[in-house]
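With our numbering applied, the sequence shown closes on residue 481, and no number is skipped along the way.
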Amino acid sequence: MDHASALRSVYADAFCAPPWNEGAERAAEFAGRLTGNVRRPGFTAALAVEGREVVGFATAWTTLAPFPTDRCYPQAAAGLGPRRTTEWLCGAREIDELAVRPVARGTGLAGDLLAAVTEGAPGGRSWLLTSVRSPRAVSFYRRQGWTQATHPSPEGRGIVVFLGPRHPARALAPQPL
Numbered sequence: 305m306d307h308a309s310a311l312r313s314v315y316a317d318a319f320c321a322p323p324w325n326e327g328a329e330r331a332a333e334f335a336g337r338l339t340g341n342v343r344r345p346g347f348t349a350a351l352a353v354e355g356r357e358v359v360g361f362a363t364a365w366t367t368l369a370p371f372p373t374d375r376c377y378p379q380a381a382a383g384l385g386p387r388r389t390t391e392w393l394c395g396a397r398e399i400d401e402l403a404v405r406p407v408a409r410g411t412g413l414a415g416d417l418l419a420a421v422t423e424g425a426p427g428g429r430s431w432l433l434t435s436v437r438s439p440r441a442v443s444f445y446r447r448q449g450w451t452q453a454t455h456p457s458p459e460g461r462g463i464v465v466f467l468g469p470r471h472p473a474r475a476l477a478p479q480p481l
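Structure below.
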């Protein structure tokens with residue numbers, strides 16, 4: 305299996321099941337985006353292999369200014385406001401994807417992959433977005449020392465921004481009521 309097929313397969317294993325429920329076409333879109341993403345400034349990736357099988361991966365890059373306006377970025381910017389979005393996220397290491405096969409969950413692999421792509425983040429500044437549809441993901445990031453910097457709507461929908469364990473703005477993040 306080539307790397308692109310292996311990554312697409314891990315992505316599908318991680319995100320096509322509940323709570324994400326992404327279809328196979330989303331896994332194919334991810335693989336297609338990856339060829340462009342590797343050209344982004346500061347791109348880094350980590351790959352976990354057991355034997356000959358890819359069991360996990362993480363990708364990250366530097367978030368450029370002006371702050372992006374595609375995908376879920378507008379929700380992140382709305383939650384932080386313009387000043388904090390620019391100061392906290394632009395120029396920081398953005399974790400784009402973190403995926404492990406179900407058989408590798410609970411082994412520490414996801415934490416190792418996350419640490420690998422955040423190592424050397426500019427000024428310790430790393431961040432990510434995740435959906436509140438996955439309490440497991442939200443809990444995982446908290447256990448890894450990440451700080452939730454935005455909070456979902458009262459209906460509990462949408463995405464949340466997490467700041468990495470060494471991000472200097474962690475103490476400034478608003479805490480939920």
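C-beta: ideal position from N, C-alpha, C; glycine also.
Buried or exposed (CB count within 10 angstroms, at least 16 for buried), E398: In the assembly as shown, E398 is a buried residue. Its beta-carbon has 16 or more other beta-carbons within 10 Å.
Residue burial classification, E401 (beta-carbon count within 10 angstroms, cutoff 16): When all chains shown are included, E401 counts as buried.
For the pair the region 316 to 336 and the region 344 to 357, tell me if three or more CB-CB distances fall below 8 Å. Touching, no.
Determine the DSSP secondary structure at W365, reduced to helix, strand or coil. Secondary structure of W365 (DSSP, three-state): strand.
Are the beta-carbon atoms of G360 and L418 separated by less than 7 Å? Against a cut-off of 7 Å, the Cβ pair of L418 and G360 comes out as no contact.
What separation, rounded to the nearest whole angstrom, lies between the Cα atoms of P538 and R344? The chain is shown only over 305 to 481; residue 538 falls outside these bounds and no answer can be derived.
Under the three-state DSSP convention, the category M305 falls into: Here M305 scores only 49 on pLDDT, less than 50, and its place in the model should not be relied on; the value that follows carries that caveat. Note: M305 maps to coil in three-state DSSP.
Are the beta-carbon atoms belonging to T454 and L393 less than 7 Å from one another? Against a cut-off of 7 Å, the Cβ pair of L393 and T454 comes out as no contact.
Kindly indicate which three-state DSSP category G360 falls into: helix, strand or coil? Three-state result, G360: strand.
Taking DSSP as the reference, what is the three-state secondary structure of F319? Of the three classes helix, strand and coil, the one that applies to F319 here is helix, per DSSP.
Please report how far the alpha carbon of T339 lies from the alpha carbon of A308, in whole angstroms. Looking at the two C-alpha atoms, the distance is approximately 9 Å.
Going by C-alpha distance, which of Y315, W324, A332 and P426 is nearest L467? L467 has its Cα closest to that of P426, out of Y315, W324, A332 and P426.
Within 10 angstroms of the Cβ of L476, are there 16 or more other Cβ atoms? Answer buried if so, exposed if not. Residue environment analysis places L476 among the exposed positions, since fewer than 16 neighbouring C-beta atoms fall within 10 angstroms of its C-beta.
Cβ-Cβ distance between A369 and T348 below 7 Å: No.
Rounded to the nearest angstrom, what separates S438 and R461 at their Cα positions? CA-CA distance, S438 to R461, rounds to 11 Å.
Let's test the definition: count the other Cβ atoms within 10 Å of the Cβ of Q479 and tell me whether it reaches 16, buried, or not, exposed. Q479 should be labelled exposed.
Spatial neighbours of V465 in its chain, beta-carbon cut-off 7 Å, leaving aside the 5 residues before and after: The residues A380, G383, L384, W431, L433, A453 and T454, in chain order, have a CB closer than 7 Å to that of V465 in the same chain once the five nearest residues on each side in sequence are set aside.
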